[in-house]
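Enquirer: Can you read through this structure? Questions will come right after.
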Amino acid sequence: MDRITEIEVFVAAIDEGSLVAAGKRFGLSASMAGKYLSSLEASLNVRLIQRSTRKLNATDAGRAYYERCKRILDEFEEANSEASDKSTALRGLLRVTAPVSFGMLHLSDLTARFMAEHPQIAIEIMLDDRYVDLHARGIDIAIRIGRLADSELVAKRLAPCRMVLCAAPSFLEQYEPAPTPDDLKRAPRLDFSEVVTSGGWNFTDSEQRQYLIDGPTRMLSNNMHMLLAAALAGAGIAYGPTFVFGQHLASGKLVRLLPDLETIELSVHAVFPSARYLPSKVRQFIDYLSAEWADGPSWDQN
């Protein structure tokens, strides 16, 4: 008998609680479903299910085998779906949410190119620095940056993102030859108001000594573009992700401060409700982003 069908009948019998129901799932009679199960047990030389006229129970060996087979069948179905997707045009609405600055700087061009390659896809993008409830809002994919909270959602890491301390050359003219941590403790800060942990900025040297930059806040904003503009104008020191400041560090419009001290490294993730039966449009958009940043994103090259 076909081994895949044997396994499918076995898993269905556990899921449904009976061989009759398992058989119906595959258009088989109860007796034929029983033959598939018996053939599987004979080939394994182990009893998988204890059967009676009233109920069906997995043995210890059957329960362990069920868990493995369930994962195998899920992956098999996923593989079939992926193979089928390659020959099927993507269509429908894809709903995406992302942080405001990241979306404006790094998703707009990619999204436009993805739509050009898949003309039957429509995309709705909601930019919000707050975490959006994917289930309540009907979101397919959320781009999230930082340490993710435990949840039932599935996450795939797409790219790294470092945090940097920086300022404009005009602001640094007051420091010669370069500012020290003690100098910057008194420097005016341009601070992001939506951070998870408020307060000063923490740094660590190679000997694991801690430094805290907690000078007066000159600008507080919930938008990184506002802080970027203030930093470029020389209004103070800014601390934030390379996806915002990276291109300006590369051009010399901003200068990285305390480069020998370590800061936290964040990750860019694609978060989605479930890995099982993932729609093709969702899977391929995530793969598209992952491939784009596979060799290291441009914002993290400085």
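Numbering-wise (this note's numbering), the sequence shown opens with residue 940 and increments by one. A virtual CB, placed ideally from N, CA and C, is assigned to each residue, including glycine. Computed from a prediction, not measured in an experiment: that's the story for all the values here.
#1: Would you list the residues sitting across from S1206 in a DSSP beta bridge?
#2: Could you compute how far the alpha carbon of R1034 sits from the alpha carbon of G1077?
#3: Roughly how many whole angstroms lie between the Cα atoms of Y1178 and G1235?
#4: Could you check if E927 is buried or exposed, using at least 16 other CB atoms within 10 Å of its CB as the buried criterion?
#5: Could you tell me the distance, in whole angstroms, from the CA atom of Q1059 to the CA atom of A1028?
#6: Just to confirm my understanding: we take M1043, look at its own chain, exclude 5 residues before and 5 after, and list those with CB closer than 8 Å. What are they?
#7: Whole angstroms is fine: what's the gap from F1184's alpha carbon to P1120's?
#8: What are the uninterrupted segments assigned as beta strand (DSSP E) that are 3 or more residues long and contained completely in the stretch 1146 to 1204, given in chain order?
#9: Compute the distance between the beta-carbons of E1091 and T1143, then report whether it is under 8 Å.
#10: Consult DSSP for W1238 and reduce its assignment to one of helix, strand or coil.
#11: Compare the C-alpha of E1063 against each of R1069, I1225 and T1050 and name the closest.
#12: Cα separation between E1148 and A1230?
#13: In this structure, how does DSSP classify V1093 when only helix, strand and coil are distinguished?
#14: Please classify R942 as buried or exposed, where buried requires at least 16 other C-beta atoms within 10 Å of its C-beta.
#15: Let's test the definition: count the other Cβ atoms within 10 Å of the Cβ of L1032 and tell me whether it reaches 16, buried, or not, exposed.
#16: Residue range of the beta strand (DSSP E) that D1072 falls in?
#17: Since T1050 sits in a beta bridge, which residues does DSSP pair it with?
#18: Could you give the first and the last residue of the continuous alpha helix (DSSP H) run that contains I946?
#19: Would you call the stretch 999 to 1011 and the stretch 1151 to 1167 in contact, with 3 or more CB pairs under 8 Å?
#20: If you check the beta carbons only, do F1131 and F1041 fall under 8 Å apart?
Expert: So, from the data block:
#1: Reading the sequence shown from its first residue, position 267 is the one you call residue 1206. The partner list for S1206 (beta bridge, DSSP) reads P1099.
#2: Walking along the sequence shown from the start, residue 1034 turns up at place 95. Walking along the sequence shown from the start, residue 1077 turns up at place 138. One C-alpha to the other measures close to 7 Å.
#3: Position 239 of the sequence shown holds residue 1178. Position 296 of the sequence shown holds residue 1235. Taking the straight line joining both Cα atoms gives about 21 Å.
#4: Residue 927 lies beyond the residue range present for the chain, which begins at 940 and ends at 1241; the question has no answer from this structure.
#5: Position 120 of the sequence shown, counted from the first residue, corresponds to residue 1059. Position 89 of the sequence shown, counted from the first residue, corresponds to residue 1028. The alpha-carbon atoms of Q1059 and A1028 are separated by roughly 8 Å.
#6: On the sequence shown, position 104 is the one that residue 1043 refers to. The residues are L1066 and H1164.
#7: By 1-based counting over the sequence shown, the position of residue 1184 is 245. By 1-based counting over the sequence shown, the position of residue 1120 is 181. Taking the straight line joining both Cα atoms gives about 20 Å.
#8: 1149 to 1152, 1156 to 1160 and 1176 to 1180, all fully within the stretch 1146 to 1204.
#9: As a working note, residue 1091 is residue 152 in the sequence shown. As a working note, residue 1143 is residue 204 in the sequence shown. Judged by their CB atoms, E1091 and T1143 are not nearer to each other than the 8 Å cut-off.
#10: What you label residue 1238 is simply residue 299 of the sequence shown in a count that begins at 1. Three-state DSSP puts W1238 in a helix.
#11: As a working mapping, residue 1063 is identified with position 124 in the sequence shown. Taking E1063 as reference, the option from R1069, I1225 and T1050 with the minimal CA-CA separation is T1050.
#12: For the purposes of this step, residue 1148 is taken as residue 209 along the sequence shown, with counting starting at 1. For the purposes of this step, residue 1230 is taken as residue 291 along the sequence shown, with counting starting at 1. In the sequence under discussion, the amino acid at residue 1148 is Arg, which differs from the Glu named in the question. When rounded, the separation of the alpha-carbon atoms in R1148 and A1230 is 37 Å.
#13: The residue you call residue 1093 lines up with position 154 of the sequence shown. Shown here, V1093 sits in a strand according to DSSP, grouped into three states.
#14: Sequence index remark: in the sequence shown, residue 942 carries index 3 (1-based). Exposed is the call here.
#15: For this step, residue 1032 is matched to residue 93 along the sequence shown. With fewer than 16 Cβ atoms within 10 Å of its Cβ, L1032 is classed as exposed.
#16: Taking the first residue of the sequence shown as 1, we reach residue 1072 at position 133. Counting along the chain, D1072 falls outside any beta strand (DSSP E), and DSSP gives it neither H nor E.
#17: For the purposes of this step, residue 1050 is identified with residue 111 of the sequence shown, where counting begins at 1. Note: T1050 sits in no beta bridge, so no partner.
#18: Numbered from its first residue, the sequence shown carries residue 946 at position 7. Element bounds for I946: R942 to E955.
#19: They do not touch, by the three-pair rule.
#20: Counting from one through the sequence shown, the residue named residue 1131 turns up at place 192. Counting from one through the sequence shown, the residue named residue 1041 turns up at place 102. Against a cut-off of 8 Å, the Cβ pair of F1041 and F1131 comes out as no contact.
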